[in-house]
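Read left to right, the sequence shown gives residues 27 to 403 (our numbering).
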Amino acid sequence: MNNVQAIVLAAGKSTRFKTGTSKLLHKICGQEMILYGTRLLEALNIPTTAVVGFQKDVLIHTLNNNLKIPISIVEQTEQLGTGHAVACTQRLWNKDLILIMNGDMPLITSDIIETLYNKHIINDAVMSFVTSHHTEPSGYGRVVQNNSHISIVEARDYTGSINEAPYINAGIYLFNRAFLETYIQEIDQNNSKQEFYLTDLAKLASDAGQNVTTTVVPYDFIRGINTFKELWEVEHIKRSELIQHWMQNGVRFMMPLTTHIDLSVTIEPGTIIGAGAYITGTTSIGAHCSLGAHAVITNSILGDYVTTEPHCIIDDSKIQSHGHIGSHTHISKYSIVEEHMHVESFQKVTQRIISKNSSEEKISSQKHRQSLTSGAS
């Protein structure tokens, strides 16, 4: 796909989140939403432009600090719709095909992009887009097709029966650049929001007798996110994917539905994860470990054959092979528990090395035990 460049739409104000923060900065399994699509495009070697607006500085910082390949940035200074956002990038168009996708699609896969591309080429289309069968009321635009004529009607403007238009527009498009250059200026604002809708290009192409194709995919792969409920639904799917991946690689989860795990976590075979575990950040867990129920482990390294009893908290620390951590113990701030060392229950270990060779590194347990059981810090 060396004849493709991509545009990611990331300028919206995310008003339905009601947080004053761009939804694209919210994390899903430890990774900002905006990075799912942009990292996928990076893996496909597709040069990408992000259209930003609301909270542009934070979005740009997130992209620049997490992508290996520099991404072009264009600002949409006024929120005038998706068509206007795409038009803002026109000076950067230099490939034959322009791939456009919404920034809030963390479940999209490379197979979907490749299938869209192949169908576009085979059918000699000027516009192709992804659709999904979805007959529940939603905020997605409806695909309205009459013989060879096709159009996309935004949800707020659609007045027909859902059953008459059971397919929704996913928000992933592939255009011939020549078509886009000609027709992007013909989009008008005759809609309920007085915005320039990119989706109007489907009707313009059909009216002109141009070929428009669609690629149908399961709804779960193209879920967008406009509310915290939708974010929760997507994160549940993504977390389930991660847990299934580690199961297939020899990791047992005692109660998978109660486990939270981040995208950046790694786990070696033979390890058992107890109920209610919360494993985040850059945590790396070795082989044949046993994590007790309700373990909370963040940005830490556990060697092979490490055992943690229930309700352990380990932050930014290292537990070397065969280490044993008692229940209700908190190990934090770059502490190290060396090989075969045992830390008793109800301890708080901060910036310490637990080893056999230094009396200064032993834990003064009683004071810490009293402070933890009484709820003091």
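For glycine and all other residues, C-beta sits at the position ideal for the given N, C-alpha and C.
Express the C-alpha separation of PHE80 and ALA402 in angstroms, rounding to a whole number. What you label residue 402 is simply residue 376 of the sequence shown in a count that begins at 1. What you label residue 80 is simply residue 54 of the sequence shown in a count that begins at 1. Per-residue confidence for ALA402 stands at a pLDDT of 36, beneath the threshold of 50, marking its modelled position as unreliable; the derived number appears in the next sentence. Each residue's alpha carbon lies about 41 Å from the other.
Based on Cα-Cα distance, which residue from ILE138, PHE222 and VAL332 lies nearest to GLU365? What you label residue 365 is simply residue 339 of the sequence shown in a count that begins at 1. Nearest option by C-alpha distance: VAL332.
Please state whether DSSP places SER403 in a helix, a strand or coil. Here residue 403 refers to the residue found at position 377 of the sequence shown. Unreliable placement is indicated for SER403, whose pLDDT of 34 sits below 50; the coordinate value is still reported in the next sentence. SER403: coil per DSSP, three-state reduction.
Have a look at ILE60 and GLU267 and give me their C-alpha separation to the nearest angstrom. As a working note, residue 60 is residue 34 in the sequence shown. As a working note, residue 267 is residue 241 in the sequence shown. Spanning the two alpha carbons is a distance of roughly 19 Å.
Anticipated Cβ contact below 8 Å, GLY300 with MET280, distance rounded: Here residue 300 refers to the residue found at position 274 of the sequence shown. Here residue 280 refers to the residue found at position 254 of the sequence shown. With a Cβ gap of about 5 Å, GLY300 and MET280 count as contacting.
Please confirm if HIS262 has its CB atom under 7 Å from at least one CB of chain B. Absence of chain B from the displayed structure is noted, only one protein chain being present.
Starting from the Cα of ARG42, find the closest Cα among THR284, VAL363, GLY186 and LYS255 and give me that residue. Position 16 of the sequence shown, counting from 1, holds the residue named residue 42. Answer by Cα proximity: LYS255.
Could you check where the beta strand (DSSP E) with GLN171 kicks off and where it finishes? Position 145 of the sequence shown, counting from 1, holds the residue named residue 171. Note, GLN171: beta strand (DSSP E), 168-172.
For SER154, count neighbouring C-beta atoms within 10 Å of its own C-beta (all shown protein chains included) and say buried if the count is 16 or more, exposed if not. As a first step, residue 154 is located in the sequence shown; it is residue number 128 there, counting from the start. Buried, by the Cβ-count rule.
Would DSSP call ASN144 helix, strand or coil? Position 118 of the sequence shown, counted from the start, is the residue given in the question as residue 144. If DSSP states are grouped into helix, strand and coil, ASN144 belongs with the helices.
Just the C-alpha distance for VAL291 and GLN57, rounded to the nearest angstrom, thanks. Here the question's residue 291 lines up with position 265 in the sequence shown. Here the question's residue 57 lines up with position 31 in the sequence shown. Answer to the nearest angstrom: the Cα atoms are 11 Å apart.
Helix, strand or coil: which one does DSSP assign to LEU67? Here residue 67 refers to the residue found at position 41 when the sequence shown is read from its first residue. Helix, per DSSP.
So, with DSSP's three-state summary, where would you put GLN392? Start at 1 with the first residue of the sequence shown, and residue 392 comes out as number 366. In this prediction, GLN392 has a pLDDT of 41, which is less than 50 and means its spatial position is unreliable; what the coordinates show is noted afterwards. Note: GLN392 maps to helix in three-state DSSP.
Using the C-alpha atoms, what's the distance from SER136 back to THR399? As a first step, residue 399 is located in the sequence shown; it is residue number 373 there, counting from the start. As a first step, residue 136 is located in the sequence shown; it is residue number 110 there, counting from the start. Low confidence applies here, because THR399 scores a pLDDT of 39, under 50, leaving its location unreliable; read the following figure in that light. Rounded to whole angstroms, THR399 to SER136 spans 50 Å at the Cα level.
The region 217-231 contacting the region 167-183, beta-carbon criterion three pairs below 8 Å: yes
For a minimum of 3 consecutive residues, which ranges assigned as the beta strand (DSSP E) are wholly contained in the region 110-140? 123-128
Closer than 7 Å by C-beta to GLN377: which residues in its own chain qualify, once you throw out the five before and the five after it? Chain order, please. As a working mapping, residue 377 is identified with position 351 in the sequence shown. These residues qualify, in order along the chain: LYS359, TYR360 and SER361.
Contacts around SER326, its chain only, beta-carbon distance under 6 Å, and the 5 residues preceding and following it disregarded: On the sequence shown, residue 326 is found 300 positions in, with the first residue counted as 1. THR309, ILE340 and SER343.
Determine the DSSP secondary structure at VAL84, reduced to helix, strand or coil. Taking the first residue of the sequence shown as position 1, residue 84 is located at position 58. If DSSP states are grouped into helix, strand and coil, VAL84 belongs with the helices.
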